[in-house]
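**Student:**
Protein chains: 2
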Amino acid sequence: MSDTALPAALLTALSELLGPTGLLTDAGDTDSFCTDWRMLYHGRCAAVLRPATTQDCAKAVALCAEYGVPMVPQGGNTSMVGGATPDASGKAVVISTNRMTRIHTIDHADLTMTVEAGVTLKAAQDAAAAEGLMLPLSISSEGSAEIGGILATNAGGNNTVRYGNARELALGLEAVLPDGQVLNLMRRLRKDNTGYALRQLLIGSEGTLGLITTAILQLQPAPRSRETALCALADPQAVLTLFAAFRKQDPAAIQAFEYMSGTSMALVNSLIDGASLPLSEPAPAYALVELGSPRADDSLRTLMEEVLGQALEDGLVTDAVLAESESQRQALWMIREEHAEAQKRAGASVKNDVSVPLSAIPEFITKATAACEALIPGIRVAPFGHIGDGNIHFNLVQPEGMDPKDFLAQDHAMMDTVANIVRTLDGSFSAEHGVGQLKTYMMPSWRGGAELDAMRKIKAALDPQTVMNPGKIFPQA
Amino acid sequence: MSDTALPAALLTALSELLGPTGLLTDAGDTDSFCTDWRMLYHGRCAAVLRPATTQDCAKAVALCAEYGVPMVPQGGNTSMVGGATPDASGKAVVISTNRMTRIHTIDHADLTMTVEAGVTLKAAQDAAAAEGLMLPLSISSEGSAEIGGILATNAGGNNTVRYGNARELALGLEAVLPDGQVLNLMRRLRKDNTGYALRQLLIGSEGTLGLITTAILQLQPAPRSRETALCALADPQAVLTLFAAFRKQDPAAIQAFEYMSGTSMALVNSLIDGASLPLSEPAPAYALVELGSPRADDSLRTLMEEVLGQALEDGLVTDAVLAESESQRQALWMIREEHAEAQKRAGASVKNDVSVPLSAIPEFITKATAACEALIPGIRVAPFGHIGDGNIHFNLVQPEGMDPKDFLAQDHAMMDTVANIVRTLDGSFSAEHGVGQLKTYMMPSWRGGAELDAMRKIKAALDPQTVMNPGKIFPQA
């Protein structure tokens, strides 16, 4: 235990409370908790605390608070923005939820599941599926991302167009507040107007107001019919028009509606094995449409064929392929899911996880593409994403042959170029990734004035010592 | 202006700012703003401020805050719990939103509408309907209730089983904070993870953290097919089982799922003209089921007939009638909507707007019925409500022939009897009506400890002078 900077008395108390598996202090053990998965931040910590229960977590937090030790909550360590990584001072402890992995109950009458914070999203999905139900949240890191972190960051993903973000799925919550008090909001009620929406406040607060320990999640009946199609279209406006056509018929049937630019698709087709384009020729834009319903009849097939048939007749969709089997469906989804990997293989890239109102998407993509191409000639503008939510991953891939370092040296210029256009369209600089430490610098100009002022007041009220995940969301004053 | 207790300098400044229509000080003009519609509270106020714009509202709030004058935001004055009524001191001003009645935009691509706080829910519904869209929120006071108040109290109603409470419909918000700052959260984004969920915090805060001035609401395509049925069943468990059967087939089709007890239905049938039971004989329990879809095909009719047919075959439903026309549909809804009026005609009654987890509803109704019947022999336990949300209006009607005063003298005993059972089932003492001033006394025992403590800290942080709607939500310390 030679590596820790913790006061001896605190170390003893934590050791007695958590035992040897619950307290890591050797650098060899703690290192992996101090670097984010994108490798953007390399921090240090005084210890990693791994409580196995809410009560132990609460006692550990109270002890750290007593000594004024900063705490960094961490789930699956899959933050895109360094939200769960300690700073370089080595003064903070990481509190990991990865020993809190119990799935308490799945209730068929209430359509809820009660899970501890350290359960991975995949494990929660599987547990629901095993009972014929569905946890309708899906993100690419679901094998590692844990429920606590997912709620702390209000994760989004592919199915939010139908079921909302993580926020909308959480019916109940339990959290440990910065002073070690347990906040018990574990009510599985669909209507409860008894005071401030503390559950909503904690969700998306990125661990800065408390550490989520348990949650009650809403489930859905598992879909018994599903229709999936990949469509070729002329431009993002056509993709939006197709979305509106499906939405007008049945918004509840749309399980996912994903956009892929021609540039990004071409990278996938050329760089990913087994991901060739299942259409006759490349197009400027694509939509991956998935309809789903718990009904087992053929009404979904009818809906898909009617809307797509009309769109083909109108020339809105130039080509389309329908999945005729589950393996064909998975092949279409594989193409969508490989966009990030294909871009990685194509060289250095800059990610912009932005959102704008649906109506502004075409203008956004047109303007941002032109601006980036003017900034760096030869740049490959390769957007894709959850267009049904207005959420575009406006990713920028380096020109072929350019030194990646030269490209990345201009990352702020590229991000600012995109952000400035997003701002003129009343959009957001972080649709689903959160602020973490990567984007704190953007908060004053985007969320300044009364908004940031109110956030700071709430933070100070609930965490007057600033011990809970310091340095996240808020820029240093 | 002789009736006001405001400092002369403040009065002059407010008068210059708001003009004669914007500032009422004569008791004859202000009286109607000082009594809630249930006539439970008769307060007084120093003036009624009626700003016509957000900017005027912000300036008025800043002036009042400067002088430490308490402010009571008020929309349509339809609170069930005295949430918009000033106390008897006469020191507060009422700030009415009823001059802020502009509907700014309805956007078909984004499926949103932007409305000022003083627009009534009915006017907003009608404006959406005129454009072929639907604002899916419906409450009995919708002709008077205004959008600002609806969001401040997170109103619920008949369609929350499908579309959620008011909270889930609000995509953007603008509010004036207790110090007069304008908080602009007018982003119509479905994904935006950039700091604390201030919009969520304001929604349901009952005007204690600020005054909502404008909102962006999510719309839906208007339904093009609808199926409505009234079913007779043996008990609440059977109603829940029927609900689960529909939900398993298609939760998104369920626009409303209402429960009515046999006792409450009998009062409607006997006391309301034109509301006779459209079934062959009375039953212990009824369900009003409404399915809806923007699809124009016959899939909804098939769904209704399949589920109901099976339920009749299984003996789950003992009798049922399907609406074959819009007028028949309205007749069925009239029966549901007259329950409150019928109970009023039957004598004195005590309302309990409670919620429990769905799975606990049968146990709740059985236990609470027995307990109330033991407390007051002859009492008519007449529950009804939004069973699909777990929200039961567990209303108690006086025994026939009893003096109403004798009955109402025991109101706290009845409310506590019901509440104690709700509490053992992890329910809520206020599902959709809020806390207001009527239920502040329940907060310490129900939401005490860390929860109320956190709420108080947030209140103190954002309203350190306690000038914004004082006496609501929080019991006097």
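Residue numbers (UniProt numbering), protein chains in the order written: chain A, 1 to 477; chain B, 1 to 477.
We put the beta carbon where it would ideally sit given N, CA and C, even for glycine.
Between which two residues does the beta strand (DSSP E) harbouring Ile254/A extend?
**Tutor:** Within the first sequence, residue 254/A is the residue found at index 254, counting from 1. Note, Ile254/A: beta strand (DSSP E), 254–261.
**Student:** For Ser428/A versus Val354/A, is the C-beta spacing smaller than 8 Å?
**Tutor:** Translated into the one-based positions of the first sequence, residue 428/A becomes position 428. Translated into the one-based positions of the first sequence, residue 354/A becomes position 354. Going by C-beta atoms, Ser428/A is nearer than 8 Å to Val354/A.
**Student:** How is the alpha helix (DSSP H) around Gln249/B delimited, first residue to last?
**Tutor:** Translated into positions along the second sequence, residue 249/B becomes position 249. Residues 236–249.
**Student:** Using a Cβ-Cβ distance under 8 Å, would Met113/B count as near chain A?
**Tutor:** Locating residue 113/B in the second sequence gives position 113, where the first residue counts as 1. Closer than 8 Å: no.
**Student:** Quick one: any contact between the stretch 97–110 of chain A and the stretch 353–369 of chain B, if contact means 3 or more CB pairs under 8 Å?
**Tutor:** They touch, by the three-pair rule.
**Student:** Looking only at DSSP bridge pairs, what is Arg226/B linked to?
**Tutor:** For the purposes of this step, residue 226/B is taken as residue 226 along the second sequence, with counting starting at 1. Beta-bridge analysis with DSSP links Arg226/B to Gly292/B.
**Student:** Quick one: which chain B residues come within Cβ less than 9 Å of Ala285/A?
**Tutor:** For the purposes of this step, residue 285/A is taken as the residue at position 285 of the first sequence. The contacting residues do not exist; Ala285/A stays about 17 Å from chain B at best.
**Student:** Would Phe429/B count as contacting chain A if we go by Cβ distances under 8 Å?
**Tutor:** The residue given as residue 429/B occupies position 429 in the second sequence. Judged by the 8 Å Cβ criterion, Phe429/B is in contact with chain A.
**Student:** Please name the residue in Pro86/B, Gly157/B, Leu438/B whose C-alpha comes closest to that of Val42/B.
**Tutor:** Taking the second sequence and counting its residues from 1, one reaches residue 42/B at position 42. The displayed chain sequence assigns His, not Val, to residue 42/B. Selected option, being the one with the closest Cα: Pro86/B.
**Student:** For the candidate residues Gly262/B, Glu142/B, Val48/B, whose alpha-carbon lies nearest to that of residue 523/B?
**Tutor:** Within the shown structure, residues of chain B are numbered from 1 to 477, placing residue 523/B beyond reach of any answer.
**Student:** Hey, Gln218/A and Leu169/A: beta-carbon distance below 8 Å or not?
**Tutor:** Taking the first sequence and counting its residues from 1, one reaches residue 218/A at position 218. Taking the first sequence and counting its residues from 1, one reaches residue 169/A at position 169. Yes; because the gap between Cβ atoms is below 8 Å, this pair is in contact.
**Student:** Roughly how many angstroms separate the alpha carbons of Ala152/A and Asn469/A, rounded to a whole number?
**Tutor:** The residue you call residue 152/A lines up with position 152 of the first sequence. The residue you call residue 469/A lines up with position 469 of the first sequence. Spanning the two alpha carbons is a distance of roughly 12 Å.
**Student:** Going along chain A, which residues have a C-beta under 8 Å from Val435/B?
**Tutor:** Indexing the second sequence from 1 puts residue 435/B at position 435. Here the neighbours are Asn193, Thr194, Gly195.
**Student:** Name the chain A residues that come within less than 7 Å of Leu169/B, Cβ to Cβ?
**Tutor:** Numbered from 1 along the second sequence, position 169 holds the residue referred to as residue 169/B. Those within 7 Å of Leu169/B in chain A number zero; the least Cβ separation is about 12 Å.
**Student:** Counting Cβ pairs, one atom from each stretch, are 3 or more of them under 8 Å apart for the stretch 170–181 of chain A and the stretch 251–269 of chain A?
**Tutor:** Counting Cβ pairs under 8 Å, fewer than three are found: no touch.
**Student:** Taking 8 Å as the threshold (beta carbon to beta carbon), is Ser293/B in contact with chain A?
**Tutor:** Taking the second sequence and counting its residues from 1, one reaches residue 293/B at position 293. Answer yes: the Cβ-Cβ gap between Ser293/B and chain A drops below 8 Å somewhere.
**Student:** Of the choices Thr114/B, Pro70/B, Glu146/B, whose alpha-carbon is the least far from that of Gly90/B?
**Tutor:** Within the second sequence, numbered from 1, the residue matching residue 90/B stands at position 90. Of the candidates Thr114/B, Pro70/B, Glu146/B, the one whose C-alpha sits nearest the C-alpha of Gly90/B is Pro70/B.
**Student:** Mapping DSSP to helix, strand and coil, what is Gln181/B?
**Tutor:** Residue 181/B sits at position 181 when you count from the first residue of the second sequence. Three-state DSSP puts Gln181/B in coil, outside helix and strand.
**Student:** Looking at Ala117/B and Phe53/B, is the spacing between their C-beta atoms short of 8 Å?
**Tutor:** Within the second sequence, residue 53/B is the residue found at index 53, counting from 1. Within the second sequence, residue 117/B is the residue found at index 117, counting from 1. Position check: residue 53/B holds Thr in this sequence, whereas Phe was assumed. No, the Cβ-Cβ distance between Thr53/B and Ala117/B is not below 8 Å.
**Student:** Near Thr241/A, which residues of its chain fall below 7 Å by C-beta distance, leaving aside the five closest residues on each side in sequence?
**Tutor:** Counting from one through the first sequence, the residue named residue 241/A turns up at place 241. So the qualifying residues of the chain are Leu316.
**Student:** Starting from Asn159/A, trace the beta strand (DSSP E) both ways and give me its first and last residue.
**Tutor:** Position 159 of the first sequence, counting from 1, holds the residue named residue 159/A. From DSSP, Asn159/A is part of no beta strand (DSSP E); its letter is neither H nor E.
**Student:** Please specify which runs of the beta strand (DSSP E), each continuous and at least 3 residues long, are wholly inside the stretch 339–387 of chain A, giving them in chain order.
**Tutor:** 353–355, 384–386
**Student:** Quick check: the Cα distance between Thr208/A and Gly195/B, rounded to an integer number of angstroms?
**Tutor:** Indexing the first sequence from 1 puts residue 208/A at position 208. Indexing the second sequence from 1 puts residue 195/B at position 195. If you take the alpha carbons of Thr208/A and Gly195/B, they lie about 10 Å apart.
**Student:** Can you confirm whether Met414/B, when its beta carbon is compared against all beta carbons of chain A, has any partner nearer than 8 Å?
**Tutor:** Translated into the one-based positions of the second sequence, residue 414/B becomes position 414. Chain A contact via Cβ: absent.
**Student:** So what does DSSP say about Ser2/A, is it helix, strand or coil?
**Tutor:** On the first sequence, position 2 is the one that residue 2/A refers to. The predicted position of Ser2/A is uncertain, since its pLDDT is 46 and thus under 50; no value can be drawn from it.
**Student:** Which residues of chain B have a Cβ atom closer than 8 Å to the Cβ of Asn391/A, listed in chain order?
**Tutor:** As a first step, residue 391/A is located in the first sequence; it is residue number 391 there, counting from the start. The contacting residues are Arg190, Lys191.
**Student:** Closer than 7 Å between beta carbons: that is the criterion. Which residues of the stretch 205–226 of chain B meet it against chain A?
**Tutor:** Ser205, Gln220, Pro221
**Student:** Return the bridge partner residues of Ser138/B from the DSSP annotation.
**Tutor:** Taking the first residue of the second sequence as 1, we reach residue 138/B at position 138. Per DSSP, none; premise fails for Ser138/B.
**Student:** Identify the residues that DSSP records as bridge partners of Ser96/B: which are they?
**Tutor:** Along the second sequence, one-based indexing puts residue 96/B at 96. DSSP output for Ser96/B lists Gln74/B as bridge partner(s).
**Student:** Indicate whether Val161/A and Leu230/A have their beta-carbon atoms separated by less than 8 Å.
**Tutor:** Translated into the one-based positions of the first sequence, residue 161/A becomes position 161. Translated into the one-based positions of the first sequence, residue 230/A becomes position 230. Cβ distance not < 8 Å, so Val161/A and Leu230/A don't count as in contact.
**Student:** Using a Cβ cut-off of 9 Å, pull out every chain B residue sitting near Asp110/A, in sequence order please.
**Tutor:** To locate residue 110/A, count along the first sequence from 1; it is residue 110. Result: Pro357, Leu358, Ser359, Ala360, Gly390.
**Student:** Please list the segments of the alpha helix (DSSP H) lying wholly inside the stretch 40–89 of chain A, counting only runs of 4 or more residues, in order along the chain.
**Tutor:** 54–66
**Student:** In chain B, what lies closer than 9 Å to Gln398/A by C-beta?
**Tutor:** By 1-based counting over the first sequence, the position of residue 398/A is 398. Result: empty, since nearest Cβ-Cβ is about 27 Å, beyond 9 Å.
**Student:** Using 8 Å as the cut-off, can you tell me whether the stretch 435–449 of chain A makes contact with the stretch 367–375 of chain A, which would need three or more C-beta pairs spanning the two stretches below that distance?
**Tutor:** Too few Cβ pairs lie closer than 8 Å, so no.
**Student:** Starting from Gln200/A, trace the alpha helix (DSSP H) both ways and give me its first and last residue.
**Tutor:** Counting from 1 along the first sequence, the entry for residue 200/A is found at position 200. 198–202 is the span of the alpha helix (DSSP H), which, as asked, contains Gln200/A.
**Student:** Taking DSSP's pairing of strands, which residues face Cys231/A in a bridge?
**Tutor:** Within the first sequence, residue 231/A is the residue found at index 231, counting from 1. Answer is Ala287/A, Ala320/A, bridged to Cys231/A.
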